[in-house]
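If you want the numbering used here, it's the 1-based position in the sequence shown plus 19.
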Amino acid sequence: TEARFEVPDLDAIAAAKAKIATEGGRYAKGRKAFQGIETKSENIIFVLDVSKSMEEPFGNPDRLAATGRVYSSNQRLAIVKEELINTIDALPDSTVFNIVAFASDVEVWKKRPAKASILNRNNAKTWVGDLEPRGGGGADFRARLGFSADDANEGQTNTHLALMTAFGEEVGGKPGRKAFVTDTSDPVDTIFFLTDGEPTVGETVDMVEIREEVRRVNAYRGVQLHVIYVGAYGGTEFRKLAEENGE
20 TEARFEVPDL DAIAAAKAKI ATEGGRYAKG RKAFQGIETK SENIIFVLDV SKSMEEPFGN
80 PDRLAATGRV YSSNQRLAIV KEELINTIDA LPDSTVFNIV AFASDVEVWK KRPAKASILN
140 RNNAKTWVGD LEPRGGGGAD FRARLGFSAD DANEGQTNTH LALMTAFGEE VGGKPGRKAF
200 VTDTSDPVDT IFFLTDGEPT VGETVDMVEI REEVRRVNAY RGVQLHVIYV GAYGGTEFRK
260 LAEENGE
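This is how it looks when you write it as structure tokens:
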């Protein structure tokens with residue numbers, strides 16, 4: 020806010036944190052927020068990294084403590100699942116949403132985004148709760164056990180495919196990806212994209228090329244892309260991805 024910036028009142032901050040801790044104010048009904056990022060959008064897609072590395076522990080205890088929340092596990096995916104389940108639970112009925120989980124490939128909760136009815140919210144929370152990191156044991160280990168090459172590599176990170184799926188774009192000549200779109204009268208306008216690392220597999224693993232492709236498909240859509248990066252290192256290219264797409 021530049022010249023209009025005001026130093027926060029420490030007492031007010033302390034009171035707000037106490038309210039979150041005691042009343043769960045962060046997830047009050049009708050408040051749409053994920054990982055602390057709020058939106059007024061009525062049409063949201065959540066894209067969640069479930070690659071092998073998401074089974075690792077979140078490495079910054081101070082950052083976790085600053086959220087004012089206690090988690091059942093410090094595993095990256097476990098924390099993200101708790102956050103997303105709380106977000107889904109708080110969505111107003113008027114919200115339309117969908118969820119994409121990705122590693123080497125993608126899995127979509129619904130073929131079409133759905134209204135946040137009680138039934139759909141409960142179904143989505145169960146679906147998210149059942150997610151596990153893909154490719155357990157590492158590719159080489161799984162290959163030695165007799166898994167196919169595709170199975171052994173399922174825990175990699177296909178950032179390009181995940182983003183294009185969220186935008187409803189065909190990838191690799193697979194028309195099925197094209198089915199994941201809303202009607203033009205009710206377009207997706209907000210994507211929350213959460214990942215913990217650089218891309219390792221897909222049509223391209225070059226983040227510069229991926230950013231260019233996202234800019235191309237988003238040029239006339241105006242979708243706001245919120246990027247949440249939970250990796251231990253890097254993240255610069257993902258910050259640029261967000262900055263170039265309305266965040």
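C-beta: ideal position from N, C-alpha, C; glycine also.
- The C-alpha of Asp-68 lies about 34 Å from the C-alpha of Pro-27.
- Residue nearest to Glu-263 within the set Val-246, Ala-251 and Tyr-252 is Val-246 (criterion: CA-CA distance).
- Excluding five sequence positions before and after Gly-250, the CB atoms of its chain that fall closer than 7 Å to its own CB belong to Asp-215 and Gly-216, given in chain order.
- Taking a contact to require three or more Cβ pairs closer than 8 Å, the segment 137 to 153 and the segment 105 to 112 qualify as touching.
- Cβ contact annotation for Trp-146 (same chain, cutoff 6 Å, sequence separation greater than five): Trp-128, in chain order.
- Residue state for Leu-180 is assigned as helix, using DSSP reduced to three classes.
- In the three-state DSSP reduction, Thr-145 falls in the helix class (H, G or I).
- Each residue's CA atom was taken as its position, placing Glu-61 and Arg-234 some 22 Å apart.
- Across the structure, Asn-93 and Pro-76 are spaced so that their CA atoms are roughly 5 Å apart.
- Beta-bridge partners assigned by DSSP to Ile-229: none are found.
- DSSP places Thr-209 in no alpha helix (DSSP H) but in the uninterrupted beta strand (DSSP E) bounded by 209 to 214.
- Residue state for Ala-135 is assigned as coil, using DSSP reduced to three classes.
- Taken atom to atom, the span from the alpha-carbon of Phe-257 to that of Val-227 is near 10 Å.
- Apart from the 5 residues on each side of it in sequence, Lys-100 sits with its Cβ closer than 7 Å to the Cβ of Val-147, Gly-148 and Leu-150 in its chain, given in chain order.
- For the 8 Å CB-CB criterion, Asp-124 and Glu-173 form a contact.
- One thing to note: Phe-211 has its Cβ no nearer than 8 Å to the Cβ of Val-115.
- As the crow flies, the alpha-carbon of Lys-259 is around 12 Å from that of Gly-253.
- Contact between Ser-91 and Arg-153 is ruled out by a C-beta separation of about 21 Å, above the 8 Å threshold.
- Relative to the Cα of Ile-64, the nearest Cα in the group Ala-261, Val-190, Gly-241 and Ala-185 belongs to Ala-185.
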